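A.B. asks: Same order as they appear, the protein sequences are chains A and B. Start counting the first sequence at 119; every next residue gets the next number (the numbering used here). Start counting the second sequence at 2; every next residue gets the next number (the numbering used here). Backbone N, C-alpha and C define an ideal beta-carbon position, used for all residues, glycine too. Predicted model, so just to flag it, every value in this text is computed and none were measured. Structure below; questions to follow.
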Amino acid sequence: MTILNISRRGLLGGAAAAGALAALPIPAFAQQARRGGRLVVAADSEPRNLNPAIVASNGVFFVSSKVVEPLAEATFDGLEGRLATAWEGSADGLSVTFTLREGVNWHDGRPFTSADVAFSALEVWKKLQNLGRVVFKDLEAVDTPDDHTAIFRFARPTPFQLIRNALPALTAVVPRHLYEGTDIAANPANTAPIGTGPFRFAEHKAGEYYRLTRNEAYWGKGVPYLDEIIYRVLPDRAAAAGAIEADEIQLAAFSAVPLADLDRISKVPGVEVVTTGYEALTYQLVVEINHRRKELADLNVRRAIARAIDKDFVVKTIFLGYAVAATGPVPKNDAQFYTADVPQYAFDLAKANALLDEAGYARGANGKRFALKLLPAPYFNETRQFGDYLRQALAEVGIDATIVNNDAAAHQKAVYTDHDFDIAVAPPVFRGDPAISTTILVQSGIPDGVPFSNQGGYANAEIDAVIEKAAGTLDETARIGLYHDFQKLVATDLPLINVAEWGFTTVKRSSVKNVANNPRWAVSNWADVWLDA
Amino acid sequence: MNRALSLLRRRLLTSLPVFLIVIVGSFLLLEAAPGDAVDAYLVSVGGDAGLAAQLRHEWGLDRSAWARFLTFATALVHGDLGWSVAFARPIRDVILERLPNTLLLMGAATALSFGLGSLLGIVAGARPGSICDRVLSVASLAIYAVPGFWLGLVLIVVFSIELRWLPLGGIETIASSRSGLDRGLDIARHLVLPVAALGFIYLALYLRVMRAGMAEVWRMDFVLALRARGLPQSRIVIAHVARNALLPLVTLLGLQSASMLGGSVVIESVFAVPGIGRLAHEAVAARDVPLLLGIILSSAILVIVVNFLVDIVYAALDPRVGASEERA
Numbered sequence: 119m120t121i122l123n124i125s126r127r128g129l130l131g132g133a134a135a136a137g138a139l140a141a142l143p144i145p146a147f148a149q150q151a152r153r154g155g156r157l158v159v160a161a162d163s164e165p166r167n168l169n170p171a172i173v174a175s176n177g178v179f180f181v182s183s184k185v186v187e188p189l190a191e192a193t194f195d196g197l198e199g200r201l202a203t204a205w206e207g208s209a210d211g212l213s214v215t216f217t218l219r220e221g222v223n224w225h226d227g228r229p230f231t232s233a234d235v236a237f238s239a240l241e242v243w244k245k246l247q248n249l250g251r252v253v254f255k256d257l258e259a260v261d262t263p264d265d266h267t268a269i270f271r272f273a274r275p276t277p278f279q280l281i282r283n284a285l286p287a288l289t290a291v292v293p294r295h296l297y298e299g300t301d302i303a304a305n306p307a308n309t310a311p312i313g314t315g316p317f318r319f320a321e322h323k324a325g326e327y328y329r330l331t332r333n334e335a336y337w338g339k340g341v342p343y344l345d346e347i348i349y350r351v352l353p354d355r356a357a358a359a360g361a362i363e364a365d366e367i368q369l370a371a372f373s374a375v376p377l378a379d380l381d382r383i384s385k386v387p388g389v390e391v392v393t394t395g396y397e398a399l400t401y402q403l404v405v406e407i408n409h410r411r412k413e414l415a416d417l418n419v420r421r422a423i424a425r426a427i428d429k430d431f432v433v434k435t436i437f438l439g440y441a442v443a444a445t446g447p448v449p450k451n452d453a454q455f456y457t458a459d460v461p462q463y464a465f466d467l468a469k470a471n472a473l474l475d476e477a478g479y480a481r482g483a484n485g486k487r488f489a490l491k492l493l494p495a496p497y498f499n500e501t502r503q504f505g506d507y508l509r510q511a512l513a514e515v516g517i518d519a520t521i522v523n524n525d526a527a528a529h530q531k532a533v534y535t536d537h538d539f540d541i542a543v544a545p546p547v548f549r550g551d552p553a554i555s556t557t558i559l560v561q562s563g564i565p566d567g568v569p570f571s572n573q574g575g576y577a578n579a580e581i582d583a584v585i586e587k588a589a590g591t592l593d594e595t596a597r598i599g600l601y602h603d604f605q606k607l608v609a610t611d612l613p614l615i616n617v618a619e620w621g622f623t624t625v626k627r628s629s630v631k632n633v634a635n636n637p638r639w640a641v642s643n644w645a646d647v648w649l650d651a
Numbered sequence: 002m003n004r005a006l007s008l009l010r011r012r013l014l015t016s017l018p019v020f021l022i023v024i025v026g027s028f029l030l031l032e033a034a035p036g037d038a039v040d041a042y043l044v045s046v047g048g049d050a051g052l053a054a055q056l057r058h059e060w061g062l063d064r065s066a067w068a069r070f071l072t073f074a075t076a077l078v079h080g081d082l083g084w085s086v087a088f089a090r091p092i093r094d095v096i097l098e099r100l101p102n103t104l105l106l107m108g109a110a111t112a113l114s115f116g117l118g119s120l121l122g123i124v125a126g127a128r129p130g131s132i133c134d135r136v137l138s139v140a141s142l143a144i145y146a147v148p149g150f151w152l153g154l155v156l157i158v159v160f161s162i163e164l165r166w167l168p169l170g171g172i173e174t175i176a177s178s179r180s181g182l183d184r185g186l187d188i189a190r191h192l193v194l195p196v197a198a199l200g201f202i203y204l205a206l207y208l209r210v211m212r213a214g215m216a217e218v219w220r221m222d223f224v225l226a227l228r229a230r231g232l233p234q235s236r237i238v239i240a241h242v243a244r245n246a247l248l249p250l251v252t253l254l255g256l257q258s259a260s261m262l263g264g265s266v267v268i269e270s271v272f273a274v275p276g277i278g279r280l281a282h283e284a285v286a287a288r289d290v291p292l293l294l295g296i297i298l299s300s301a302i303l304v305i306v307v308n309f310l311v312d313i314v315y316a317a318l319d320p321r322v323g324a325s326e327e328r329a
């Protein structure tokens, strides 16, 4: 896979630019990978727990995925083995057999065996991991007939498809000999992880950097190429752009360089903007709705709000073209589950106004129908900016929205625990399978306080039934069909409104090679990344 | 020296009520802020309701505010700042690791703004109303009006990106294993821009107070007398006018130490300096109440010590003050 180097101008240029790109000879493997060198990348946060088996989040993976490996990693055409070399599900959905890689050692020299996998699955993923607590809830036992076979046994039929889709993000394996018999959540290896990956964790200087060094004993042939990876903590986003221009860092992933700076920085000699490599890390821009409000419990009102939002304007103006308009709860770039065959709500103010009139909310003397409290999530510039846009868009149809700005902790409590909102702007992540973190956004019966879940009081028996059925459907075509139904039902009843989908951008020096060569690149192991002298 | 120490001890003791007010006040303010440390943590990781409840229990957040405050206060009396949930480390270590960077940054910035500010103030105040005076006054006011983070970014663009003379952030070259003088020089190079950004903002204040003070002194009779005695102009400016105008400047120095701590929050973020200003910001974002209280406490001690030092200098400059302190 080659790196497509798309400047913003190139993107907007459309067909002409695509033609020009196609005409260029692409010297993908022309250069010989060079060994050695230190890669310095920007980090904007320092997670308190670096154990990816406990905290399955991109902020943790960004650093720890180079140290601690999952059973398999995503590629553009499926999966590629890491600690497992083969995986097979039984017909009854009650077991999955993993063949594990031989000749792998932990960074402390002890051999990696099936016992490590069994321990990680039962004691860590199932009990402690934010996502694993859902996906592995029915995992009953892991049999280890020999050192290189692990058989997962489930209490209820569990779709093999779901387990496969969960492998890259949910199955980081940690060493049993360091964790067993200890308080796993407080283990020192959570802040200085020991894994099997191509890089060893060397040190963390709080507020300054993380340092990883090459694992000379890595199982991969001839890799890693880099001697060291340094994650330099740059809390100010403007500073990340400057640091890459000054060549103090060579790479900034996860849009650490703000969108507004991309056009300028793509023109700096020696600096490239890469927009691929995040295909399996799609973020969704969503309007969350509190269905406890009587106005919002009315489907006509929700449809009117959907019609009041100009998705193309949002993509062009807020995301500067680095996003696509959404149609439903599964993003367009998901090859397995996405369907376009769902009700659409084109931008149409006249229709939106008519729907609101029909719902019985006529404009008052001041031109306003009713007032709403709007809480944009503070995590991204784009979610805040969309909050501002949404307020204006709603004003156009006579809904008077007041923006309440909170910091992350306050937003978390207001929306997901106290339900003190009418509409909110959220950026949930699609993780390759709707069952991992998408269905939870609309499912009913979720306790208060669960972040990034349905806390809007929405309950739809039909949607719940489809989710429940898909959770136990083993046939893959049938399961995909159920998720098509799910998308249709959500787009019809609008428990929430999907506005746009975006991946991140990477800004790098031209000297960094093999960037964006898989759909989870920023959180993959970087064994094949190398630096041109 | 012994007298100075006993004075300091007395000063800290009389400041106890201040500490108490600061701690209780900050604690109440943070209690009033919506969301707790678990909410802040869940934002970055997600997780189900069971996880939230489990974490609240582990981190002791399921107890009442009063119980938590009591635990913190009891530990504090024993000299223990407690445990930071955001960093999963003892608070004392977290703060002590970063305090030197902030002290270095603030100390250098204070020296710059005080030194250069008073010097330029003397230049401006030597002949109030002259062209030189007007240019300096307007220029310093312009810099004073500039937000600190913006000045920092401009310095980065010019000196780090365009000219590439200086590193654009951090406290030292990362993972370079330097030591001794080499390391000191490396740190100094990294501090040039943040010190300039922080120092220049406050420079205007010293310049203007110095200038205004001197303009005042020029009108006094004793200056006329000195002139009549035929003293050279330079001697009058430095030894008499400037010296008399210096006293309010020293007062300002003590007051500014507190506001410079505030300014360092911004500058430390822009320049990625791992100091306690940035730490305070992180503590608030993570709702790590004990950590923030620890930071506020150390800042309060810092400000009190600085003001104590200022008083000593003051006494040296003006013997009348020293005498009154002794009597008190």
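Where A/Val641 and A/Val185 are concerned, what is the direct C-alpha to C-alpha distance, given to the nearest angstrom?
C.D. replies: Here residue 641 of chain A refers to the residue found at position 523 of the first sequence. Here residue 185 of chain A refers to the residue found at position 67 of the first sequence. Using only the alpha carbons, I get a separation of about 11 angstroms.
A.B. asks: Quick check on B/Phe150: does DSSP put it in helix, strand or coil?
C.D. replies: Mapped onto the second sequence, residue 150 of chain B falls at position 149. It is helical.
A.B. asks: I'd like the list of long-range same chain contacts for A/Trp644, defined as Cβ closer than 6 angstroms, with 5 residues on each side in sequence excluded.
C.D. replies: Against the first sequence, residue 644 of chain A aligns to sequence position 526. If we look at A/Trp644 and ignore the five residues flanking it on each side, its Cβ neighbours are Lys184.
A.B. asks: Taking only the alpha-carbon atoms, compute the straight-line gap between A/Tyr601 and A/Gln454 and give it to the nearest angstrom.
C.D. replies: Against the first sequence, residue 601 of chain A aligns to sequence position 483. Against the first sequence, residue 454 of chain A aligns to sequence position 336. Going from the Cα of A/Tyr601 to the Cα of A/Gln454 covers about 10 angstroms.
A.B. asks: Looking at C-alpha atoms only, which residue of A/Glu321, A/Ile407 and A/Gly325 is the closest neighbour of A/Arg332?
C.D. replies: To locate residue 332 of chain A, count along the first sequence from 1; it is residue 214. Among A/Glu321, A/Ile407 and A/Gly325, the Cα nearest to that of A/Arg332 is on A/Glu321.
A.B. asks: Grab the span of the alpha helix (DSSP H) containing B/Pro334 for me, first residue to last.
C.D. replies: Here chain B has residues from 2 to 329 only, and residue 334 of chain B is not among them.
A.B. asks: Give, in chain order, every residue of the segment 274-308 of chain A whose Cβ lies closer than 9 angstroms to some Cβ of chain B.
C.D. replies: Ala303, Ala304 and Asn308
A.B. asks: Under 8 angstroms by Cβ, that's how I've got A/Thr591 and A/Pro277 pegged, so tell me the actual separation to the nearest angstrom.
C.D. replies: Here residue 591 of chain A refers to the residue found at position 473 of the first sequence. Here residue 277 of chain A refers to the residue found at position 159 of the first sequence. That pair is a contact at about 6 angstroms.
A.B. asks: If the criterion is Cβ atoms closer than 7 angstroms, does the pair B/Glu354 and B/Ile188 meet it?
C.D. replies: Outside the shown range of chain B (2 to 329) lies residue 354 of chain B, about which nothing can therefore be said.
A.B. asks: For A/Gly563, which residues from the same chain have a beta carbon less than 8 angstroms from its beta carbon, with the 5 sequence-adjacent residues on both sides left out?
C.D. replies: As a position in the first sequence, residue 563 of chain A is number 445, starting the count at 1. If we look at A/Gly563 and ignore the five residues flanking it on each side, its Cβ neighbours are Ala577 and Asp582.
A.B. asks: What does the alpha-carbon distance come out to for the pair B/Val114 and A/Pro376?
C.D. replies: Walking along the second sequence from the start, residue 114 of chain B turns up at place 113. Walking along the first sequence from the start, residue 376 of chain A turns up at place 258. First, the amino acid is wrong: residue 114 of chain B is Ser here, not Val. C-alpha separation (whole angstroms): 33 angstroms.
A.B. asks: Check distances from the C-beta atoms of the segment 328-353 of chain A to those of chain B and list, in chain order, the residues that come in under 8 angstroms.
C.D. replies: Those residues of the segment 328-353 of chain A placed with their C-beta closer than 8 angstroms to a C-beta in chain B are Arg329, Glu346, Ile348, Arg350, Val351, Leu352 and Pro353, ordered along the chain.
A.B. asks: In three-state DSSP terms, what is A/Asn616?
C.D. replies: Looking up residue 616 of chain A in the first sequence gives position 498. Under the three-state reduction of DSSP, A/Asn616 is assigned to strand.
A.B. asks: For A/Gln402, name the three-state secondary structure that DSSP assigns.
C.D. replies: On the first sequence, residue 402 of chain A is found 284 positions in, with the first residue counted as 1. A/Gln402: strand per DSSP, three-state reduction.
A.B. asks: In chain order, what residues of the segment 509-543 of chain A put their CB closer than 9 angstroms to some CB of chain B?
C.D. replies: Taken in chain order, the members of the segment 509-543 of chain A whose beta-carbon sits within less than 9 angstroms of a beta-carbon on chain B are Asn524, Asp525, Ala526, Ala527, Ala528, His529, Gln530, Lys531, Ala532, Tyr534, Thr535, Asp536 and Asp538.
A.B. asks: Would you verify that the beta carbon of B/Val46 is, or is not, closer than 7 angstroms to some beta carbon of chain A?
C.D. replies: Along the second sequence, read from residue 1 onward, the residue named residue 46 of chain B stands at position 45. Yes, contact with chain A.
A.B. asks: Is A/Ala441 closer than 7 angstroms to A/Val448 when the C-beta atoms are compared?
C.D. replies: In the first sequence, the residue the question calls residue 448 of chain A occupies position 330. In the first sequence, the residue the question calls residue 441 of chain A occupies position 323. In this structure, the beta-carbon distance from A/Val448 to A/Ala441 does not fall below 7 angstroms.
A.B. asks: Using a C-beta cutoff of 7 angstroms, does A/Asn248 count as contacting chain B?
C.D. replies: As a working note, residue 248 of chain A is residue 130 in the first sequence. Judged by the 7 angstroms Cβ criterion, A/Asn248 is in contact with chain B.
A.B. asks: Taking Cβ positions only, does A/Val173 come closer than 7 angstroms to chain B?
C.D. replies: Against the first sequence, residue 173 of chain A aligns to sequence position 55. At least one chain B Cβ lies under 7 angstroms of A/Val173.
A.B. asks: Using a Cβ-Cβ distance cut-off of 7 angstroms, determine whether B/Pro275 contacts chain A.
C.D. replies: As a working note, residue 275 of chain B is residue 274 in the second sequence. Closer than 7 angstroms: yes.
A.B. asks: Comparing the C-beta of B/Asp183 with each C-beta of chain A, is any distance below 7 angstroms?
C.D. replies: If you number the second sequence from 1, residue 183 of chain B lands on position 182. Not an interface residue.
A.B. asks: Can you tell me whether A/Ala140 is buried or exposed, with buried defined as 16 or more other CB within 10 angstroms of its CB?
C.D. replies: Position 22 of the first sequence, counted from the start, is the residue given in the question as residue 140 of chain A. Confidence is the limiting factor: at A/Ala140 the pLDDT is only 38, short of 50, which leaves the residue's position unreliable, though a coordinate-based value still follows. The residue in question, A/Ala140, is exposed, as its Cβ has fewer than 16 Cβ neighbours within 10 Å.
A.B. asks: What does a CB cutoff of less than 6 angstroms around A/Pro229 pick up in its chain, not counting 5 residues either side in sequence?
C.D. replies: Here residue 229 of chain A corresponds to residue number 111 of the first sequence, with the count starting at 1. For A/Pro229, where only same-chain residues beyond five positions count, the Cβ hits under 6 angstroms are Asn223.
A.B. asks: In chain order, what residues of the same chain have a beta carbon less than 7 angstroms from the beta carbon of A/Lys491, not counting five sequence neighbours either side?
C.D. replies: Translated into positions along the first sequence, residue 491 of chain A becomes position 373. Answer for A/Lys491: Thr520, Val522, Phe539 and Asp540, listed in chain order.
A.B. asks: Using a beta-carbon distance below 7 angstroms, is B/Gly36 in contact with chain A?
C.D. replies: The residue labelled residue 36 of chain B in the question sits at position 35 within the second sequence. Interface residue, yes.
A.B. asks: In the DSSP assignment, the alpha helix (DSSP H) including B/Leu77 goes from what residue to what residue?
C.D. replies: Looking up residue 77 of chain B in the second sequence gives position 76. Following the DSSP letters along the chain, one finds B/Leu77 inside the alpha helix (DSSP H) bounded by residues Ala66 to Val78.
A.B. asks: Out of A/Leu201, A/Leu240, A/Thr289 and A/Gly211, which one is the CA nearest neighbour of A/Asp265?
C.D. replies: Walking along the first sequence from the start, residue 265 of chain A turns up at place 147. Closest option to A/Asp265, Cα to Cα, is A/Leu201.
A.B. asks: Anything in chain A within Cβ reach of B/Arg288, meaning under 8 angstroms, just list it in chain order.
C.D. replies: Numbered from 1 along the second sequence, position 287 holds the residue referred to as residue 288 of chain B. Here the neighbours are Ala527.
A.B. asks: I'd like to know if the segment 236-248 of chain A and the segment 153-165 of chain A are in contact, where contact means that at least 3 CB-CB pairs between them fall below 8 angstroms.
C.D. replies: no
A.B. asks: If you run the structure through DSSP and keep just helix, strand and coil, what is A/Ser642?
C.D. replies: Within the first sequence, the letter at position 524 stands for residue 642 of chain A. In this structure, A/Ser642 counts as coil in the three-state DSSP scheme.
A.B. asks: For B/Arg1, does the three-state DSSP call read helix, strand or coil?
C.D. replies: Here chain B has residues from 2 to 329 only, and residue 1 of chain B is not among them.
A.B. asks: Measuring CA to CA, which of A/Ala444, A/Asp261 and A/Phe372 is closest to A/Val178?
C.D. replies: Within the first sequence, numbered from 1, the residue matching residue 178 of chain A stands at position 60. Ranking the options by Cα distance to A/Val178, first place goes to A/Phe372.
A.B. asks: Given a cut-off of 7 angstroms on the beta-carbon distance, is the pair A/Tyr343 and A/Arg638 in contact?
C.D. replies: By 1-based counting over the first sequence, the position of residue 343 of chain A is 225. By 1-based counting over the first sequence, the position of residue 638 of chain A is 520. Not closer than 7 angstroms, so no.
A.B. asks: Against chain A, does B/Val271 count as a neighbour if the rule is that its beta carbon must be under 7 angstroms from one of theirs?
C.D. replies: Locating residue 271 of chain B in the second sequence gives position 270, counting from the first residue. Judged by the 7 angstroms Cβ criterion, B/Val271 is in contact with chain A.
A.B. asks: Consider the C-beta atom of A/Ile172 and the heavy atoms of the ligand HEM; say whether any pair is separated by less than 6 angstroms.
C.D. replies: Because no ligand of any kind appears in the structure shown, any question about the ligand HEM cannot be addressed here.
A.B. asks: Determine the DSSP secondary structure at A/Thr520, reduced to helix, strand or coil.
C.D. replies: Along the first sequence, one-based indexing puts residue 520 of chain A at 402. Three-state DSSP puts A/Thr520 in a strand.
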